[in-house]
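Residue 249 in numbering that gives the first Met the number 0 sits at position 250 of the sequence shown; the count goes up by one each step and never skips. We put the CB at the ideal spot given by N, CA and C, even for glycine.
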Amino acid sequence: MVTGGAGFIGSHVIRTLINNHPDYRIVNVDKLTYAGNLENLRDVENASGYRFERADICDYNRICEIIDHYSIDGIIHLAAESHVDRSIVDPFTFAHTNVMGTLSLLQAARTRWEALPDGYNGKTFYHISTDEVYGALPADGGFFTEETPYSPHSPYSASKASSDHFVRAYHDTYGMPCIITNCSNNYGPNQFPEKLIPLFINNILHHRPLPVYGAGLNVRDWLYVEDHARAIDLVFHNGRAGATYNIGGFNEWRNIDLVRLLVKVTDRLLGRPEGDSLPLITFVTDRKGHDLRYAIDSTLLSRELGWTPSLQFEEGLEKTVRWYLDNPEWVGNVTSGEYQKYYETMYGSRKNL
Ligand code: NAD
Ligand code: DAU
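As structure tokens, this is what we get:
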């Protein structure tokens, strides 16, 4: 079971699993919020082992039914509210989905798996989390390691930190085989255009302002989404139960430098003179509680499981810009709610179970 498989990272995870393990039965459990989009999976939706279930992870009984029906033996949990700015406006939704939803999923897995003759044997509950739980680093150095104490600042990171604690509690209390990974900022195709990179590509395309928060000096560590999906496949199969692994690209960028590079790449691919869109950069009021710097040390994952990122940043950024410029209908649909109609056409109101 993959939760949140219709979202940005989840759809890349499902594609990676289908490609790497064509014999698997994979059930995508997604509520299809504004961020969930089945169009992300069009190329794989007819794969023989793939099924979609529209369900809310907070719906404990429904999740129990799905686990029983498909004899689920592994869960990769990505479903969440994921956008920091939204969490500042609407923290309740974040606590509900990210904390109570994760708890409901843990409890459903526990009760179903403990009732089986072989119990937890061969089972895995894998929770996908974020580097934001560690708080913020100073501008002049240091990395988040797996030992860094939690210090979340935004409602989003507080909700993710809380869900991580519940996952560890289920491992420590009930012996459930749980794994957690904490990853840095992802970028790539299919990311909802509210996050920095896709929002700015779309704005450059339409000659709209590029709203850089504060002075643009905040630092993020960027990883191409397919590298993250590959790490998730590896950890799901080879990670130690009870372990936490950090995932990151050793690829830090100040926002303003990243935006200037993005302008350069996008202008070039649009055939505009280099730097044509630089005047669109507009410094706006800073995000409340804006964490200064994130930087992940992923040495443990490299050492234990041999994972390293494969793409250089400029290469990944160019692939991403190309994808957005080649897929204007996708951007139009996700921002207009068209994909909800697609869902109704494909699945109607039928329950898939
Ligand atoms: P996203 O917002 O693109 O997708 C989230 C998906 O979860 C959507 O398909 C949505 O419909 C689904 N969902 C939301 N609430 C649900 C519910 N109650 N029940 C079932 N499905 C529900 O998110 P993303 O960027 O792909 O992030 C996926 C996961 O990875 C999240 O847990 C996030 O915290 C984590 N993460 C993201 C990043 C990043 O840079 N995007 C980095 C590290 C970790
Ligand atoms: O670090 C991992 C996290 O990365 C994930 O857990 C989150 O789900 C994901 O959304 C992302 O969080 P960020 O807040 O870092 O991503 P976002 O794209 O929103 O912002 C990246 C940086 O750019 C951040 O410093 C805020 C800044 N920013 C963002 C937007 C949307 C701007 O300056 N202007 C903007 O309009």
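- Distance check between Glu-313 and each of Asn-250, Ser-297 and Gly-6 places Asn-250 closest, using alpha-carbon atoms only.
- Taking the Cα positions, Leu-115 is about 59 Å away from Leu-279.
- Counting C-beta pairs closer than 8 Å gives three or more between the segment 67-87 and the segment 5-14, which meets the contact rule.
- Segment contact: the segment 185-192 against the segment 222-231, three or more CB-CB distances shorter than 8 Å; contact assigned.
- Ordered along the chain, residues surrounding the ligand DAU are Ser-81, His-82, Val-83, Thr-129, Asp-130, Glu-131, Ser-183, Asn-184, Lys-194, Leu-195, Leu-198, Pro-210, Val-211, Tyr-212, Asn-217, Arg-219, Asn-254, Arg-286 and Tyr-293 [Cβ under 6 Å from any heavy atom].
- Going by C-alpha positions, Phe-51 is about 6 Å away from Val-28.
- Taking the Cα positions, Pro-272 is about 14 Å away from His-206.
- Annotation: Arg-41 to Pro-90 spans about 32 Å, alpha carbon to alpha carbon.
- In this model, Pro-137 and Gly-288 are separated by some 14 Å (Cα to Cα).
- Runs of beta strand (DSSP E) with 3 or more residues, each lying fully within the segment 153-238, are found at 177-182, 184-186, 209-212 and 218-223, listed in chain order.
- Relative to Pro-21, the option among Ala-46, Leu-37, Gly-315 and Asn-60 whose CA is nearest is Ala-46.
- Cys-177 and Arg-167 have their alpha carbons spaced roughly 7 Å apart.
- Distance from the C-beta of Phe-142 to the nearest heavy atom of the ligand NAD is not below 8 Å.
- Residue state for Trp-306 is assigned as coil, using DSSP reduced to three classes.
- In this structure, DSSP gives Asn-332 a helical state, which the three-state scheme calls helix.
- With contacts defined as CB atoms closer than 9 Å, Ile-179 and Tyr-125 qualify as a contacting pair.
- In the DSSP secondary-structure assignment, Gly-73 is bridged to Thr-123.
- Given a length threshold of 4 residues, each whole run of the alpha helix (DSSP H) inside the segment 35-87 is given here in chain order: 59-69.
- In terms of side-chain proximity, the C-beta atom of Gln-190 is found nearer than 8 Å to a non-hydrogen atom of the ligand NAD.
- When the alpha-carbon of His-11 is set against those of Leu-37, Ser-86 and Lys-30, the nearest one is in Leu-37.
- When secondary structure is reduced to three states using DSSP, Phe-249 falls in the coil class, being assigned neither helix nor strand.
- The C-alpha of Ala-214 is placed about 42 Å away from the C-alpha of Asn-18.
- Taken from the Cβ of Ile-25, every heavy atom of the ligand NAD lies 8 Å or farther away.
- In this model, Trp-252 and Leu-261 are separated by some 12 Å (Cα to Cα).
- Arg-24 sits in coil when the DSSP states are folded into three classes, being neither helix nor strand.
- Within the DSSP bridge table, the entry for Ser-128 names Asn-181 as partners.
- Nearest to Ser-161 by alpha-carbon distance, out of Lys-30, Ile-56 and Gly-100, is Gly-100.
- Here the segment 59-71 does not lie against the segment 142-150, with fewer than 3 beta-carbon pairs under 8 Å apart.
- For Asp-163, the shortest separation between its Cβ and any heavy atom of the ligand NAD does not lie below 8 Å.
- According to the DSSP assignment, Val-98 belongs to no beta strand (DSSP E), since it is labelled neither H nor E.
- Closest in alpha carbon position to Asp-117, among Val-43, Gly-247 and Asp-72, is Asp-72.
- The nearest non-hydrogen atom of the ligand NAD is 8 Å or more from the C-beta of Ile-66.
- Runs of the alpha helix (DSSP H) spanning 4 or more residues and lying entirely within the segment 270-329 occur at 298-304 and 312-325, in chain order.
- Of the candidates Thr-123, Trp-221 and Arg-219, the residue whose Cα lies closest to the Cα of Ser-70 is Thr-123.
- Val-83 is positioned such that its CB atom lies closer than 9 Å to that of Ser-153.
- Judged by beta-carbon spacing, Asp-220 lies within the 9 Å limit of Tyr-293, meaning their Cβ atoms are closer than that value.
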